[in-house]
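These notes are about the structure you will find just below.
Protein chains: 2
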Amino acid sequence: MNLPADTAMEMPAVARAEIASRFERREAQVLRILDAARACFLKSGFQGASMGEICAQADMSPGALYRYFPSKEGLIEAICASDKEIDAKILANIAKAPSIIEGMTRGLLAHAEQVHKSGMAPLFAEIFAEAKRNQTLNTILDRSMCDVHDVIGAALHHASANGDIDPVLPLDQLLPIMMAMGHGLVTHDLPKIGISIQAMEPAMRAMIEGLLRPTKKANADLSLAEHVQSSQQT
Amino acid sequence: MNLPADTAMEMPAVARAEIASRFERREAQVLRILDAARACFLKSGFQGASMGEICAQADMSPGALYRYFPSKEGLIEAICASDKEIDAKILANIAKAPSIIEGMTRGLLAHAEQVHKSGMAPLFAEIFAEAKRNQTLNTILDRSMCDVHDVIGAALHHASANGDIDPVLPLDQLLPIMMAMGHGLVTHDLPKIGISIQAMEPAMRAMIEGLLRPTKKANADLSLAEHVQSSQQT
DNA sequence: TCAGCGAGAATGAACGTTCGCACTTTGGAA
DNA sequence: TTCCAAAGTGCGAACGTTCATTCTCGCTGA
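If you read the protein sequences in the order shown, they are chains A and B.
Residue 1 is where the first sequence starts when you use the working numbering, and the numbers rise one by one after that.
Residue 1 is where the second sequence starts when you use the working numbering, and the numbers rise one by one after that.
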């Protein structure tokens, strides 16, 4: 941003290119620490990872690390806050999608695939688990969830106004269901089962279509009468 | 706290006969410890809860506790193993349901409601997060998931043989989706949002119907063509 | 009498954090 | 330019605490 230009000019060109100013150097160090912390938290969990472990991973002494973060708690909060931004592009695509069904289908799958491919699924699970106990984390998570809520909520309203959503179902119930689905896809260990996430697209689309598309559900109870002749097993 | 062991110990001679034997007393103590551990893990997480905390909650000294469990690790494993049984009745109901759609709808919601009502959702989140790092826990969890897989898998096969499931979708993809949904409903903080889980039944049924019910999805891409005139927002 | 139980102090390791110090960079005065 | 004080940075030993676990010993019921 607002670098002292004179200082930059006193430096040799090579050094200036690498770390042009104090501010940037500081930012680079912060990033280095965050990367190390992410790796350690991923491997050992928030409580399980020690500051020593993180220092070693960042190739830095404790004294140095504590110049950048006031505490382990602060580090955890920074990790949570930094990882919310992952969704930005995906959210934009949901808003731009030709229909709510396409948007949600692709958005959910893209999100799940991104998280699993980057290997960050355990970290997500950790964040959500920790947020149920840690008030500060909970607030951070809520704030980042707000963006998601806003985008999907707006898309739902828009689709509803267009008559693309079954009027029987209250809109404010659809959103939590979507959120829970996304949550499940990310937290559940899909890759372990050997499922390709992209291959799930037809099934996901069918499911979301069932949820949102009008008609066909005036009284769903007929499914009961229809299938009385059925199921039991050993 | 209403701990079984407490009550038993303060009971008159007649009632004491119920837990007279060494074995039964030992079992009661184990239960007392497990209850305390569950409460502490729920509040502070596996790593966050200390043995001291658990001892205090169980009203027991460390020396006593260690007569029943070899380590904190062992306690965690016991908690994970004991909490898998929650699903037994719900699973049975899924198998007995008149149709796969009814079974899955009610099963998923019953499971979610039970977990949330008992306030154990954070513990579930904790277990799943921890299992991604701890090999032993992972095995325990896998084993308990096997039961669920078996029951739902059997129900799916049965329904599929009856023609109740869209033949286009491979069965082995449906199961992970169901699992992920259940997982999401449990782990996501539905009650915080103020949603009554039972009220979600129509929406859930519509969604599962969309996923399983035949017809209507020969080429779902028409949803794209249909809605080209759509969505953007502020 | 004896095996098992329970309490609680003791132990030793690990942890988050701080401290003191040496080194470098910065910005301005001489 | 040269010099200096101030500020910033990094290191790693050290600190105080907390933790999981063990030990010792007295107690209890059979």
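The C-beta atom is built at its ideal place from N, Cα and C for all residues, glycine as well.
Please classify B/E24 as buried or exposed, where buried requires at least 16 other C-beta atoms within 10 Å of its C-beta. Numbered from 1 along the second sequence, position 24 holds the residue referred to as residue 24 of chain B. B/E24 comes out exposed.
Can you find a CB in chain B that lies within less than 7 Å of the CB of A/F41? Against the first sequence, residue 41 of chain A aligns to sequence position 41. A/F41 does not count as touching chain B.
Using the beta-carbon count (16 or more within 10 Å), is B/V151 buried or exposed? In the second sequence, the residue the question calls residue 151 of chain B occupies position 151. By the 10 Å Cβ count, B/V151 comes out buried.
If we define contact as Cβ-Cβ less than 7 Å, is A/A92 a contact residue for chain B? Counting from 1 along the first sequence, the entry for residue 92 of chain A is found at position 92. Output row for A/A92: interface = no.
Determine whether the Cβ of B/K72 lies closer than 7 Å to any Cβ atom of chain A. As a position in the second sequence, residue 72 of chain B is number 72, starting the count at 1. For B/K72, the answer is no, since every Cβ of chain A falls outside 7 Å of its Cβ.
Identify the continuous alpha helix (DSSP H) that holds B/V30 and give its terminal residues. By one-based count along the second sequence, residue 30 of chain B stands at place 30. That run of the alpha helix (DSSP H) goes R22 to S44.
Applying a beta-carbon distance threshold of less than 7 Å, which residues of chain B neighbour A/A183? Stepping through the first sequence from its first residue, residue 183 of chain A is reached at position 183. The amino acid occupying residue 183 of chain A in the given sequence is His; Ala does not appear at that position. Within 7 Å Cβ-Cβ: G184, T187 and H188.
Closer than 8 Å between beta carbons: that is the criterion. Which residues of the segment 112-131 of chain A meet it against chain B? A121, P122, A125, E126, F128, A129 and E130
Cβ neighbours of A/G74 in the same chain (closer than 6 Å, five flanking residues each side left out): Locating residue 74 of chain A in the first sequence gives position 74, where the first residue counts as 1. Correct list: empty, nothing qualifies.
Which ranges would you report for the beta strand (DSSP E) in the segment 130-185 of chain B if only whole runs of at least 3 residues count? none
Could you check what DSSP says for A/A78 in three-state terms: helix, strand or coil? What you label residue 78 of chain A is simply residue 78 of the first sequence in a count that begins at 1. Residue state, collapsed to three classes: helix.
Taking C-alpha atoms, which residue in A/H188, A/E102 and A/D172 lies nearest to B/N138? As a first step, residue 138 of chain B is located in the second sequence; it is residue number 138 there, counting from the start. Nearest of A/H188, A/E102 and A/D172 to B/N138, Cα basis: A/H188.
Around the Cβ of A/R205, are there at least 16 other Cβ atoms within 10 angstroms (buried) or fewer (exposed)? Here residue 205 of chain A is taken as the residue at index 205 of the first sequence, counted from 1. By the neighbour-count definition (other C-beta atoms within 10 Å, threshold 16), A/R205 is a buried residue.
Which residue wins for smallest C-alpha separation from A/L109, given the options A/P214, A/V30 and A/M207? Position 109 of the first sequence, counted from the first residue, corresponds to residue 109 of chain A. Residue A/M207 is the option with its Cα nearest to A/L109.
Is B/L65 near B/C55, with beta carbons less than 7 Å apart? Looking up residue 65 of chain B in the second sequence gives position 65. Looking up residue 55 of chain B in the second sequence gives position 55. Yes; because the gap between Cβ atoms is below 7 Å, this pair is in contact.
If you follow the alpha helix (DSSP H) that B/G210 is part of, which residue opens it and which one closes it? As a working note, residue 210 of chain B is residue 210 in the second sequence. From DSSP, the alpha helix (DSSP H) with B/G210 extends over E201 to L212.
Compute the Euclidean distance between the alpha carbons of A/A8 and A/R26, then round it to the nearest angstrom. For this step, residue 8 of chain A is matched to residue 8 along the first sequence. For this step, residue 26 of chain A is matched to residue 26 along the first sequence. The pLDDT assigned to A/A8 is 35, lower than 50, so where the model puts this residue is not dependable; a value taken from the coordinates is nonetheless given after this. Cα-Cα distance, rounded: 15 Å.
So is A/P214 in contact with chain B if we call contact Cβ pairs under 7 Å? The residue labelled residue 214 of chain A in the question sits at position 214 within the first sequence. So, not an interface residue.
Cβ neighbour criterion (16 or more within 10 Å) applied to B/P214: Translated into the one-based positions of the second sequence, residue 214 of chain B becomes position 214. Under this definition B/P214 is an exposed residue.
Is the separation between the beta-carbon of B/Y68 and that of B/Q29 shorter than 7 Å? Residue numbering aside, residue 68 of chain B sits at position 68 when the second sequence is read from its first letter. Residue numbering aside, residue 29 of chain B sits at position 29 when the second sequence is read from its first letter. The Cβ atoms of B/Y68 and B/Q29 sit closer than 7 Å to each other.
Cα-Cα separation between A/V148 and A/L91, rounded to whole angstroms: Taking the first sequence and counting its residues from 1, one reaches residue 148 of chain A at position 148. Taking the first sequence and counting its residues from 1, one reaches residue 91 of chain A at position 91. If you take the alpha carbons of A/V148 and A/L91, they lie about 7 Å apart.
Segment limits, alpha helix (DSSP H) that includes B/K106: For the purposes of this step, residue 106 of chain B is taken as the residue at position 106 of the second sequence. It is worth fixing the name first, because residue 106 of chain B is Arg in this sequence and not Lys. That run of the alpha helix (DSSP H) goes I100 to K117.
For A/P191 and chain B, any beta-carbon pair shorter than 7 Å? On the first sequence, position 191 is the one that residue 191 of chain A refers to. Chain B, which has no Cβ nearer than 7 Å to the Cβ of A/P191, makes this no.
Taking all protein chains shown into account, decide if A/S196 is buried (16 or more other Cβ within 10 angstroms of its Cβ) or exposed. Locating residue 196 of chain A in the first sequence gives position 196, where the first residue counts as 1. Result: exposed.
Let me know if B/P167 comes out buried or exposed under the rule of 16 or more other beta-carbons within 10 Å of its beta-carbon. By 1-based counting over the second sequence, the position of residue 167 of chain B is 167. The residue is exposed, with fewer than 16 neighbouring Cβ atoms inside 10 Å.
Span separating the alpha-carbon of B/D172 from that of B/F128: The count along the second sequence starts at 1 and reaches residue 172 of chain B at position 172. The count along the second sequence starts at 1 and reaches residue 128 of chain B at position 128. Between B/D172 and B/F128, the C-alpha separation is close to 22 Å.
Rank B/A155, B/A36, B/G45 and B/C80 by C-alpha distance to the C-alpha of B/S61 and give the top, closest one. Residue numbering aside, residue 61 of chain B sits at position 61 when the second sequence is read from its first letter. Ranking the options by Cα distance to B/S61, first place goes to B/A36.
For A/I165, which residues from the same chain have a beta carbon less than 6 Å from its beta carbon, with the 5 sequence-adjacent residues on both sides left out? By one-based count along the first sequence, residue 165 of chain A stands at place 165. Excluding positions up to five away in sequence, the list reads A159 and L212.
B/I90 - DSSP class collapsed to helix/strand/coil: Mapped onto the second sequence, residue 90 of chain B falls at position 90. Here B/I90 sits in helix by DSSP.
A/P191 - containing alpha helix (DSSP H), residue span: Counted from its first residue, the first sequence places residue 191 of chain A at position 191. Run containing A/P191: L190 to I193, per the alpha helix (DSSP H) assignment.
Go ahead and label B/D59 buried or exposed: buried means 16 or more other beta carbons lie within 10 angstroms of its beta carbon, across all protein chains shown. Here residue 59 of chain B corresponds to residue number 59 of the second sequence, with the count starting at 1. Classification for B/D59: exposed.
B/G182 classed as buried or exposed, judged by whether at least 16 other C-beta atoms fall within 10 angstroms: Position 182 of the second sequence, counting from 1, holds the residue named residue 182 of chain B. Burial call: buried.
Figure out for me which residue from A/M200, A/P122 and A/I76 has the closest Cα to the Cα of A/T136. Start at 1 with the first residue of the first sequence, and residue 136 of chain A comes out as number 136. That would be A/I76, whose Cα lies nearest to the Cα of A/T136.
Tell me whether the beta-carbon of B/A203 lies closer than 7 Å to the beta-carbon of A/L185. Here residue 203 of chain B corresponds to residue number 203 of the second sequence, with the count starting at 1. Here residue 185 of chain A corresponds to residue number 185 of the first sequence, with the count starting at 1. Their beta carbons are not under 7 Å apart, which means B/A203 does not touch A/L185 by this criterion.
Output, in sequence order along the chain, the residues in the segment 159-170 of chain A whose CB is closer than 9 Å to any CB in chain B. A159, N162, D164, D166, V168, L169 and P170
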